[in-house]
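Heads up, the thing below is written out as structure tokens.
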Amino acid sequence: MPGRASRARLRTAAVLAALPLLLTACSAGAHGSGAGGVRDAARTGGTPSGDAAPTTTTKRPATTEAPDPASAPVNVIEVVGSQWQWAFTYKEGPGQQIGAVHDAAASGDVPTLYLPQGQLVRLEMKSTDVIHSLYVPAFLLKLDLVPGRTNKFEFTPNVVGDYDGHCAELCGAGHHEMRVATKVVTPEEYRRHLTQLKAQARTEAAP
Numbered sequence: 000m001p002g003r004a005s006r007a008r009l010r011t012a013a014v015l016a017a018l019p020l021l022l023t024a025c026s027a028g029a030h031g032s033g034a035g036g037v038r039d040a041a042r043t044g045g046t047p048s049g050d051a052a053p054t055t056t057t058k059r060p061a062t063t064e065a066p067d068p069a070s071a072p073v074n075v076i077e078v079v080g081s082q083w084q085w086a087f088t089y090k091e092g093p094g095q096q097i098g099a100v101h102d103a104a105a106s107g108d109v110p111t112l113y114l115p116q117g118q119l120v121r122l123e124m125k126s127t128d129v130i131h132s133l134y135v136p137a138f139l140l141k142l143d144l145v146p147g148r149t150n151k152f153e154f155t156p157n158v159v160g161d162y163d164g165h166c167a168e169l170c171g172a173g174h175h176e177m178r179v180a181t182k183v184v185t186p187e188e189y190r191r192h193l194t195q196l197k198a199q200a201r202t203e204a205a206p
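So in numbering that gives the first Met the number 0, spot 33 of the sequence shown is number 32, and the numbers just go up one at a time.
As structure tokens, this is what we get:
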């Protein structure tokens with residue numbers, strides 16, 4: 000009968016002989032479930048093995064046609080600040096350059112910035128002299144107007160109403176007078192306002 004030491008050597012030899020088979024089985028199982036399956040899903044973008052949720056990929060159809068700027072859903076409005084007044088230019092047409100409508104309040108009046116409800120608006124902010132800042136608290140909007148550069152801000156106004164704003168940057172002796180009224184209107188009323196501005200411009204330009 001073999002001694003205790005001999006039996007121990009025999010068990011060790013058997014374990015060493017079976018070790019390659021055990022490692023192969025463990026490696027194959029890790030790719031099918033457990034942490035290995037989660038890692039595979041994260042790497043390939045699919046779901047871990049064993050989950051039934053399918054993955055789908057949606058591709059947009061390829062096109063070689065350039066989008067028509069005139070039909071773009073964004074409304075571009077240039078906002079110019081100067082001591083101590085605001086002026087607005089509602090850009091229209093291809094590239095939002097043709098048919099631009101200017102609006103500036105008379106001296107001492109509070110200018111009104113019209114915005115279309117439910118449509119994307121891009122404000123292009125400029126200054127002619129010092130740093131100004133358009134601040135409309137209800138919109139959580141505060142954007143600086145810096146001489147020599149154009150700052151842009153995009154948002155979609157959703158609630159019809161009147162909202163007060165003002166310059167939030169100390170810009171000189173008349174800083175306290177630099178207020179602005181913001182009016183969110185329906186798209187139909189917005190278009191009517193631009194039409195009225197065009198008619199007014201033609202009347203003022205007539206000899």
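Even for Gly, the Cβ is constructed at its ideal location relative to N, Cα and C.
In its own chain, which residues sit with a C-beta less than 8 Å from the C-beta of Pro151, not counting the 5 before and 5 after it?
-> Just to set this straight, residue 151 is Lys in the shown sequence, not Pro. The answer, listed in chain order, is Arg121, Leu122, Glu123 and Met124.
From the DSSP output, which residues share a beta bridge with Ala200?
-> BP columns for Ala200 are empty, so no partner.
Classify Asp161 as buried or exposed, calling it buried when 16 or more other Cβ atoms lie within 10 Å of its own Cβ.
-> exposed
Beta-carbon proximity of Lys141 to Ala167, cut-off 7 Å = yes
Nearest CA to the CA of Gly164: which residue from Tyr113, Val100, Asn74 and Thr194?
-> Ranking Tyr113, Val100, Asn74 and Thr194 by CA distance to the CA of Gly164 puts Tyr113 first.
Neighbourhood of Trp271 by C-beta distance below 6 Å, restricted to the same chain and skipping five residues each side | Not covered by the structure: residue 271. The range shown for the chain is 0 to 206.
Return the CA-CA distance between Asp50 and Asn157, expressed in angstroms with no decimal places.
-> For Asp50, the predicted structure reports a pLDDT of 45, less than 50, and the residue's modelled location is therefore unreliable. A value from the coordinates is still provided. Answer to the nearest angstrom: the Cα atoms are 41 Å apart.
Tell me Val120's beta-bridge partners as DSSP assigns them.
-> Asn74 and Phe154
Between the C-alpha atoms of Pro110 and Ala86, what's the straight-line distance to the nearest angstrom?
-> 7 Å
When the Cα atoms are used, what is the spatial distance from Leu196 to Val129?
-> Between Leu196 and Val129, the alpha-carbon positions lie close to 28 Å from each other.
Val183 and Leu119 look like a contact to me (Cβ under 8 Å); what is the Cβ gap, rounded to whole Å?
-> About 13 Å; that fails the 8 Å criterion.
Beta-bridge partners of Leu133, as assigned by DSSP | For Leu133, the pairing in a beta bridge is given by DSSP as Leu142 and Cys166.
Taking the C-alpha atoms as reference points, what is the distance between Glu187 and Ala137?
-> 23 Å
What span of residues does the beta strand (DSSP E) with Lys182 cover, start to end?
-> Arg178 to Val184
Between Leu169 and Val100, which are expected to be in contact by the criterion C-beta below 8 Å, what is the C-beta distance as a whole number of angstroms?
-> Actually they do not touch by this definition, with Cβ atoms about 31 Å apart.
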